[in-house]
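Quick note: the sequence shown, position 13, residue 13 per UniProt numbering, numbers continuous.
Have a look at the structure below before the remarks.
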Amino acid sequence: MNSWATAAGPAGPERGGDYDLLLDLAGRRSRAGLEGALREAVRDGRLAPGTRLPSSRVLARDLDLARNTVADAYAQLVAEGWLTARQGSGTAVAPRPGGAPAAAPPPRRPPSPAERAARMASPDLVPHTHTAGLPYVLWPGSPDLSSFPRAAWAAAARRAVTTAPSEAFGYSDPRGRPELRTALADYLARVRGVRTRPDLLVVCTGYVQAVGLLARALRGLGARRIAVEEVGLPDTRTQLRAAGLEPVPLPVDADGAAVEGLDAGVSAVLLTPAHQFPMGVRLSPARRTAVAAWARETGGLVVEDDYDGEFRYDRLPVGALQGLAPDHVVYAGTASKSLAPGLRLAWIAVPERLLAPVLREKRLADHQSPVLDQLTLAEFIGSGGYDRHVRRMRLHYRRRRDHLVAALAARAPRVRLSGIAAGLHALLELPPGADPLDTVIARAYEGGLAVGGLPSFGAPQDTPPALVIGYGTPPEHAFSGAVDLLCEVLAASAT
Ligand SMILES: Cc1ncc(COP(=O)(O)O)c(C=O)c1O
Numbered sequence: 001m002n003s004w005a006t007a008a009g010p011a012g013p014e015r016g017g018d019y020d021l022l023l024d025l026a027g028r029r030s031r032a033g034l035e036g037a038l039r040e041a042v043r044d045g046r047l048a049p050g051t052r053l054p055s056s057r058v059l060a061r062d063l064d065l066a067r068n069t070v071a072d073a074y075a076q077l078v079a080e081g082w083l084t085a086r087q088g089s090g091t092a093v094a095p096r097p098g099g100a101p102a103a104a105p106p107p108r109r110p111p112s113p114a115e116r117a118a119r120m121a122s123p124d125l126v127p128h129t130h131t132a133g134l135p136y137v138l139w140p141g142s143p144d145l146s147s148f149p150r151a152a153w154a155a156a157a158r159r160a161v162t163t164a165p166s167e168a169f170g171y172s173d174p175r176g177r178p179e180l181r182t183a184l185a186d187y188l189a190r191v192r193g194v195r196t197r198p199d200l201l202v203v204c205t206g207y208v209q210a211v212g213l214l215a216r217a218l219r220g221l222g223a224r225r226i227a228v229e230e231v232g233l234p235d236t237r238t239q240l241r242a243a244g245l246e247p248v249p250l251p252v253d254a255d256g257a258a259v260e261g262l263d264a265g266v267s268a269v270l271l272t273p274a275h276q277f278p279m280g281v282r283l284s285p286a287r288r289t290a291v292a293a294w295a296r297e298t299g300g301l302v303v304e305d306d307y308d309g310e311f312r313y314d315r316l317p318v319g320a321l322q323g324l325a326p327d328h329v330v331y332a333g334t335a336s337k338s339l340a341p342g343l344r345l346a347w348i349a350v351p352e353r354l355l356a357p358v359l360r361e362k363r364l365a366d367h368q369s370p371v372l373d374q375l376t377l378a379e380f381i382g383s384g385g386y387d388r389h390v391r392r393m394r395l396h397y398r399r400r401r402d403h404l405v406a407a408l409a410a411r412a413p414r415v416r417l418s419g420i421a422a423g424l425h426a427l428l429e430l431p432p433g434a435d436p437l438d439t440v441i442a443r444a445y446e447g448g449l450a451v452g453g454l455p456s457f458g459a460p461q462d463t464p465p466a467l468v469i470g471y472g473t474p475p476e477h478a479f480s481g482a483v484d485l486l487c488e489v490l491a492a493s494a495t
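See below:
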């Protein structure tokens with residue numbers, strides 16, 4: 001029989017104890033029965049180390065047992081090392097029950113080959129479906145959320161809300177708050193070489209929304225085909241299709257997207273020039289010039305997704321492509337890597353001719369992005385907090401990258417790491433003779449580590465087998481454990 005032990009009222013001489021406790025006494029209404037039920041609950045992990053237990057008075061009352069029965073059972077379990085009792089803080093489950101086998105971790109069911117294949121083929125795949133429940137995550141696409149600058153952001157939010165004019169809380173310009181657009185125009189010019197004005201910036205609810213707005217605006221202007229990097233963010237292609245556009249794949253090689261394949265039948269091209277996602281290469285200077293020339297000559301549009309442009313480690317960053325041809329390039333930036341994806345804050349700098357159609361779509365989508373976070377980001381940028389945070393994170397990720405490089409060189413020297421000059425992810429190519437990519441990924445998942453493989457991002461069949469490693473993703477406490485696990489998996493797969 002299950003019994004709820006629910007405590008109420010002040011604790012007696014034995015301190016603490018107002019806790020509920022579900023125990024299955026199974027008819028054993030004796031000291032031995034209670035001891036057995038508690039041992040079981042600790043052994044199977046339901047009562048985790050550190051869990052406070054009800055006081056003996058409370059538990060005795062709730063289970064309708066004599067108080068001495070409970071006190072004796074507690075004393076016995078303390079003596080055996082299952083529980084701890086400290087003067088003043090009551091009884092709790094011991095950190096490591098003496099003599100008890102460690103609680104078995106819940107079995108982790110590896111995805112079946114069919115599930116894995118379906119997941120990889122899915123154009124709608126999103127990171128959280130791949131990482132849910134796993135203790136170690138090197139899936140790309142997220143910054144280290146444990147480093148979110150909580151105190152500085154809270155201070156900026158307080159200042160922003162306190163000083164905002166009342167009209168800021170109403171319906172306003174679909175482009176977003178002028179405070180943020182002014183701060184961004186200055187920041188983007190200073191840091192990324194973007195040539196724009198506050199009135200040409202549109203604040204969006206993430207880059208994903210920005211692509212949707214642009215796609216619908218272009219479709220409305222008669223576009224039918226849009227070129228995209230063949231391997232890239234699946235959501236982008238989904239957005240294009242949803243807008244009635246046909247995504248035209250552009251191969252990606254060591255010099256970035258093969259933009260010489262663009263023709264006049266394509267209305268726009270979506271690129272990640274600073275750090276191709278997920279291949280990690282940079283668009284070569286010749287191709288930057290070529291794509292700007294294509295746009296000028298054909299009237300085509302370039303959409304520059306500068307999602308991690310602030311994070312470059314070994315060389316000075318290359319400026320935004322937009323700076324070469326501001327009338328032909330939409331520059332897109334996001335706070336999703338520099339701060340946190342949960343903010344859903346991104347921005348696009350659009351050529352003047354596109355402003356009205358884009359704003360029409362923005363108004364239809366949600367009228368305007370939420371204002372308080374915009375004001376906070378404006379304050380954060382204006383006060384120098386954003387720069388300080390980005391600089392701190394650059395150092396943080398650079399250290400992580402160096403750690404990853406060193407660990408792989410020592411423990412899995414045959415894998416080839418690339419794309420590490422910038423951003424928060426790297427490409428890890430398996431050596432000849434290694435186990436198949438699917439097997440390596442399955443092994444990682446079985447060990448509790450989520451990693452991505454190139455096929456998840458649309459890579460063609462003949463692409464060399466490679467993992468996409470988001471070294472920025474884990475919280476700080478889990479980073480070195482995740483790298484250790486990765487090295488173990490690779491050592492087992494690629495020796
Ligand atoms: C290539 C690329 N672009 C842009 C983004 C940012 O998207 P959003 O601003 O919607 O979070 C991501 C995030 O994973 C990305 O991988």
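We put the beta carbon where it would ideally sit given N, CA and C, even for glycine.
Closest option to Leu372, judged by alpha-carbon separation, among Arg28, Ala157, Leu22: Ala157. Nearest Cα to Arg392 within the set Gly481, Pro149, Leu53: Pro149.
With 6 Å as the limit, the residues whose C-beta approaches any heavy atom of ligand 1 more closely are Gly141, Gly206, Tyr207, Val208, Leu233, Thr272, Phe277, Asp305, Tyr307, Thr334, Ser336, Pro341, Ala346, in sequence along the chain.
Going by beta carbons, Ser56 and Tyr74 fall inside the 7 Å limit.
Excluding sequence positions up to five before and after Ala243, its CB lies within less than 6 Å of the CB of Ala215, Arg216, Arg219, all in the same chain and listed in chain order.
In the DSSP assignment, Glu488 falls within the unbroken alpha helix (DSSP H) covering 476 to 493. Counting along the chain, the unbroken alpha helix (DSSP H) around Tyr445 starts and ends at 437 to 446. Cβ atoms of Leu23 and Ala41 come within 8 Å of each other, at about 7 Å. Under a 10 Å Cβ-count criterion, Asp308 is classified as buried, with 16 or more other Cβ atoms of the shown protein chains found around its own Cβ.
Assignment of beta-bridge partners to Gly333 by DSSP yields Trp347.
One thing to note: Val266 has its Cβ no nearer than 7 Å to the Cβ of Val303. By the C-beta criterion, the region 458 to 476 is judged to be in contact with the region 137 to 153, since at least 3 inter-stretch pairs fall below 8 Å. Assigned with DSSP and collapsed to three states, Thr163 falls in helix. DSSP places Leu375 in the uninterrupted alpha helix (DSSP H) bounded by 371 to 382. Between Ala37 and the set Val70, Gly433, Leu316, Gly50, the nearest pair of CA atoms involves Val70. For Leu283, the secondary structure class from DSSP, reduced to helix, strand or coil, is coil. DSSP places Ala365 in no beta strand (DSSP E) but in the uninterrupted alpha helix (DSSP H) bounded by 352 to 366. In the DSSP annotation of this structure, the continuous segment of the alpha helix (DSSP H) that includes Leu38 starts and ends at 31 to 43.
An exposed status is given to Phe169, since fewer than 16 other beta-carbon atoms sit within 10 Å of its beta-carbon. Ranked by Cα distance from Pro431, the options Val415, Tyr19, Ile441 are led by Val415.
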